[in-house]
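Reviewing the structure listed below.
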Amino acid sequence: MTQHVTKVASVCFYHIRRLRQIRRRVGQDVTTRLVLALVTTRLDYCNSQLAGLPQSTLEPLQRVQNCAAHLILNLRQRDHVKPALKQLHWLPIQARVQFKLCMLMHGIHNSQCLAYLSDAVQLVATTSTREVLRSAATTNNATPRLRTKFGEHAFSHAGPAAWNRLPEAVRQAQTQLHFKKLLKTSLFNEFLWLHFSTDVVMSAFLMLRSFGVVNSCLPEVNYSYSRVITGGA
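Numbering-wise (this note's numbering), the sequence shown opens with residue 1213 and increments by one.
Pasting the structure below:
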């Protein structure tokens, strides 16, 4: 899988370099369409196979998306990419993988997918050993027990795991269009807005510490900062 990611990133960077040569002549609108056609489509093609991979393996694809955002908005190399992704309303690579998995799971729950996908997952309510659990009253799917880390790549585990993380209000959407809108908003807030807020807190914390304010006058900032970084743990 690492070779596949490297190959896709290499092809995408090739197209970005070519598009950079004509960026000033064609303008932002045409550049956006070309990036979507030549780069983004390659990032999204069969990206559900990337489920369960560590962030280090997906990092080359994320660098491709960051460079594409810089190209469209004509940003400098040192400009921060998170505001650019927010402006373009692009989900990060890891969130795009979750988006594809959840779309497949929505098709399963609404009988709009192939039979082999439906056979790979099972509702908690239809599992004999879990029908008395509180999760049986929801639309949760059973996640099989795994013996190895490699098993997380399988759709039978990655699909239900991504679906169960969604809020119940998002899962209850009936139409595919409505579900897609709610899903993107949910993932956008989870993956991009939280990370962007963390970066802002980190910058403020480092600035206060450089002036000696954190250590002398505001010791509680250290505790608050640590909770933001660790997710409140």
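The beta-carbon is built from N, C-alpha and C at its ideal position, and this holds for glycine as well.
Have a look at the DSSP bridge pairing and note the partners of residue i.
| i | result |
| --- | --- |
| Asn1353 | Leu1335 |
Quick one, which of the options has its alpha-carbon nearest residue i's?
| i | options | result |
| --- | --- | --- |
| Gln1277 | Gln1289, Thr1252 and Arg1290 | Thr1252 |
| Leu1250 | Val1333, Ala1296 and His1227 | His1227 |
| Met1213 | Val1238, Arg1245, Pro1272 and Arg1230 | Pro1272 |
| Val1223 | Thr1244, Pro1266 and Ala1280 | Ala1280 |
| Pro1266 | Val1382, Lys1361, Glu1402 and Lys1396 | Lys1361 |
Using C-beta distances below 7 Å, list every residue in its chain close to residue i, excluding the 5 sequence neighbours before and after it, in chain order.
| i | result |
| --- | --- |
| Pro1379 | Ser1398 |
| Lys1219 | none |
Can you give me the Cβ contacts of residue i inside the same chain, cut-off strictly under 8 Å, excluding the 5 residues immediately before and after it?
| i | result |
| --- | --- |
| Gln1240 | Ile1284, Leu1285 and Asn1286 |
| Ile1368 | The amino acid at residue 1368 is misidentified as Ile; the sequence shows Ser. For Ser1368, where only same-chain residues beyond five positions count, the Cβ hits under 8 Å are Ala1332, Val1333 and Pro1356. |
| Val1238 | Leu1246 |
| Gln1384 | Thr1351 |
Where does the unbroken alpha helix (DSSP H) through residue i begin, and where does it stop?
| i | result |
| --- | --- |
| Asn1376 | Phe1367 to Asn1376 |
| Leu1300 | Lys1294 to Leu1300 |
| Lys1392 | Gln1388 to Leu1399 |
| Tyr1328 | Ala1327 to Ser1330 |
| Leu1358 | Leu1358 -> no alpha helix (DSSP H), and no H or E assigned at all. |
| Ala1263 | Premise fails: Ala1263 is in no alpha helix (DSSP H) and is neither H nor E. |
| Leu1303 | Here Leu1303 belongs to no alpha helix (DSSP H), and DSSP marks it neither H nor E. |
Using the C-alpha atoms, what's the distance from residue j back to residue i?
| i | j | result |
| --- | --- | --- |
| Met1315 | Asn1353 | 14 Å |
| Arg1236 | Ser1268 | 33 Å |
| Phe1391 | Gln1324 | 14 Å |
| Gln1386 | Leu1394 | 11 Å |
| His1282 | Pro1304 | 14 Å |
| Phe1400 | Ala1296 | 13 Å |
| Val1308 | His1365 | The displayed chain sequence assigns Arg, not Val, to residue 1308. Computed Cα separation, rounded: 15 Å. |
Please return the same chain residues whose Cβ sits closer than 6 Å to the Cβ of residue i, not counting the five positions on each side in sequence.
| i | result |
| --- | --- |
| Ser1260 | Lys1312 and Leu1313 |
| Ala1374 | Gln1310, Leu1313 and Cys1314 |
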